[in-house]
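The structure appears right after this line, and notes come after that.
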Amino acid sequence: MAYTVPKLTDYSPASLEKAAAECIAACQTESREVRSDADLKSFRDRWMARKNGILTQINGLWLKGAPKEAKREAGMRVNQLKARITEIVEAAHVGDGTAALTSESADISLPGIRRPIGAEHPVIKTQNEIVAVFQRLGYSVAEGPVVETDYYNFEALNFPPNHPARDTQDTLFIAGQESKPQRERLLLRTHTSPVQIRTMEKMRPPIRIVIPGKVHRNDPPDASHSPMFHQIEGLAVDTDITFGDLKGTLDHAMKALFGSSVKTHFRPSFFPFTEPSAELYVTCFICGGSGKRGDGPCRPCKQTGWIEVLGCGMVDPNVFEFVKDNGYDPKRVSGFAFGMGVDRLALLKYGVDDIQLFFQGDVRFLEQFG
Ligand SMILES: [Zn+2]
């Protein structure tokens with residue numbers, strides 16, 4: 000006789016246990032009677048259908064009917080039961096009718112439950128590749144908090160008090176801190192640069208570090224902006240670091256990342272924490288620097304043949320002043336720093352045209368990179 004969900008009157012643990020065991024046994028028996036794809040479908044529907052499937056009925060009859068003091072216990076039991084039934088239904092398959100196993104034994108010839116194997120997210124994969132290039136050059140990895148103080152995010156990096164980056168238009172501040180002095184106020188870091196200061200406070204020169212991590216800005220999401228994105232920064236400090244070292248290091252790193260044929264090109268720029276500052280361009284690795292793709296224009300480089308990949312420069316002596324007591328006397332040491340957006344590089348590398356796709360968690364999109 001086909002199983003029907005009984006109404007419960009006794010909600011004692013022993014009675015719940017018995018009702019659950021009967022239900023599981025019935026489900027196992029039915030799962031072994033599946034002989035065709037049509038059987039399998041109706042078996043699944045009978046147990047799992049949202050509308051009036053057996054699990055739905057159990058919810059209605061056992062949970063909603065439970066007296067107040069037994070609700071908690073009944074809820075736990077029903078959840079365990081649902082998990083078990085779901086397992087049995089998912090493992091069910093079309094059988095050949097020869098199975099003669101009791102409900103107590105396991106059929107070791109049944110296929111296991113296949114668990115999908117995950118893969119690195121394309122952004123994290125790109126991040127790891129960049130970090131690995133610098134690790135091979137002797138850099139170590141440093142990390143720091145995502146919720147930062149104004150001091151580390153701005154002040155110690157030579158951002159003047161009225162710099163536009165401090166504006167609420169760009170920075171996400173933690174609410175309710177008006178009573179604190181400005182330098183102690185918390186915010187979501189807008190770049191990974193605070194870790195440069197934090198590391199220099201802890202380690203005396205010479206240092207060579209790369210800093211990968213999440214950063215936040217108050218940018219409304221669109222195809223090329225996201226309120227959360229990823230950066231990698233680098234910092235090298237020693238007694239005799241020159242702009243030549245900066246160029247040589249980054250030229251090597253770009254060739255390691257994008258292929259030995261790319262050329263690099265530095266253009267003057269401005270950042271509060273470096274002086275002089277530059278933007279680094281590499282020959283477009285999509286069109287090879289020609290600006291054309293077949294007969295059409297190359298869009299990623301806007302037909303210029305060059306792609307901007309990062310900002311860099313020599314560490315401003317004012318920044319060293321903040322960590323002077325730990326051996327960073329700007330008269331004795333010099334250094335360079337650079338920073339790049341990982342998500343943008345991942346977009347270019349994988350030919351993706353919308354950054355939002357990286358963060359929506361759609362497995363159909365992500366599994367293409369697995
Ligand atoms: Zn191009």
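The sequence shown maps to residues 0 to 369 in numbering that gives the first Met the number 0. C-beta: ideal position from N, C-alpha, C; glycine also. From a predicted model like this one, the values you see are computed outputs, not experimental measurements.
On the DSSP letters alone, give me the boundaries of the beta strand (DSSP E) that residue i sits inside.
i	result
Asp-237	227-237
Leu-185	185-187
Val-281	273-282
Ile-210	206-215
Met-339	333-340
Helix, strand or coil for residue i, going by three-state DSSP, please let me know.
i	result
Thr-303	coil
Gly-59	helix
Ser-14	helix
Cys-286	coil
Ala-98	Here Ala-98 scores only 47 on pLDDT, less than 50, and its place in the model should not be relied on; the value that follows carries that caveat. Looking at Ala-98 - three-state DSSP - the assignment turns out to be coil, as it is neither helix nor strand.
Ser-30	helix
Gly-74	helix
Pro-163	helix
Val-308	strand
Glu-147	strand
Val-93	coil
Lys-50	coil
Pro-66	coil
Lys-291	strand
Val-4	coil
Val-351	coil
So residue i is in the alpha helix (DSSP H); what residue range does that whole segment cover?
i	result
Phe-257	242-257
Glu-366	It is not in any alpha helix (DSSP H) - Glu-366 carries neither H nor E in the DSSP assignment.
Leu-265	First, the amino acid is wrong: residue 265 is Phe here, not Leu. Run containing Phe-265: none in the alpha helix (DSSP H); it sits in the beta strand (DSSP E), 263-270.
Ala-155	First-last for Ala-155: undefined, no H or E at that position.
Glu-200	193-201
Pro-121	121-135
Phe-42	36-47
Leu-356	355-358
Phe-319	316-320
Cα separation between residue i and residue j?
i	j	result
Pro-296	Asp-250	26 Å
Thr-282	Asn-317	33 Å
Pro-160	Glu-154	8 Å
Lys-94	Leu-54	The displayed chain sequence assigns Gly, not Lys, to residue 94. The alpha-carbon atoms of Gly-94 and Leu-54 are separated by roughly 24 Å.
Gln-302	Lys-81	58 Å
Arg-298	Ile-285	9 Å
Ser-333	Cys-311	14 Å
Ser-41	Leu-62	25 Å
Glu-320	Val-194	16 Å
Arg-203	Ala-255	29 Å
Ser-376	Val-145	Any answer about residue 376 is impossible in this case: the structure gives the chain only from 0 up to 369.
Ile-57	Arg-31	22 Å
Thr-85	Phe-270	57 Å
Arg-216	Gln-176	19 Å
Ala-18	Ala-118	41 Å
Pro-407	Asn-78	Limits of the chain in this structure are 0 at one end and 369 at the other, which puts residue 407 out of reach.
His-92	Asp-36	8 Å
Glu-21	Ser-14	11 Å
Val-88	Ser-11	27 Å
Glu-416	Ile-210	One cannot answer for residue 416 here, as it falls past the ends of the chain, which runs 0 to 369.
Glu-384	Gly-360	With the chain covering 0 to 369 only, the question about residue 384 has no answer from this structure.
Lys-267	Lys-246	For the sequence presented, residue 267 should be read as Pro rather than Lys. Their Cα atoms are separated by approximately 13 Å.
Gly-5	Tyr-349	Reading off the sequence, residue 5 comes out as Pro, not Gly. Rounded to the nearest angstrom, the two C-alpha atoms are 56 Å apart.
Met-75	Arg-182	49 Å
Thr-3	Asp-38	18 Å
Gln-126	Ser-139	14 Å
Within the chosen definition, does the region 171-191 reach the region 341-360 through at least 3 CB pairs nearer than 8 Å? Put simply, the region 171-191 does not touch the region 341-360. Fewer than three CB pairs are less than 8 Å apart.
Would you check if the region 69-81 and the region 106-114 touch, i.e. whether three or more CB-CB distances between them fall below 8 Å? Counting Cβ pairs under 8 Å, fewer than three are found: no touch.
Is it true that the region 237-252 meets the region 166-179, where meeting means three or more beta-carbon pairs spaced less than 8 Å apart? The answer is no - the region 166-179 does not touch the region 237-252, with fewer than three Cβ pairs under 8 Å.
Any residue with its C-beta under 5 Å from a non-hydrogen atom of ligand 1 counts. Can you list them all in chain order? Chain-ordered list of matching residues: Cys-283, Ile-285, Cys-286, Cys-297 and Cys-300.
May I ask you to verify whether the region 262-276 touches the region 218-231, counting CB pairs closer than 8 Å and requiring at least 3? Taking a contact to require three or more Cβ pairs closer than 8 Å, the region 262-276 and the region 218-231 do not qualify as touching.
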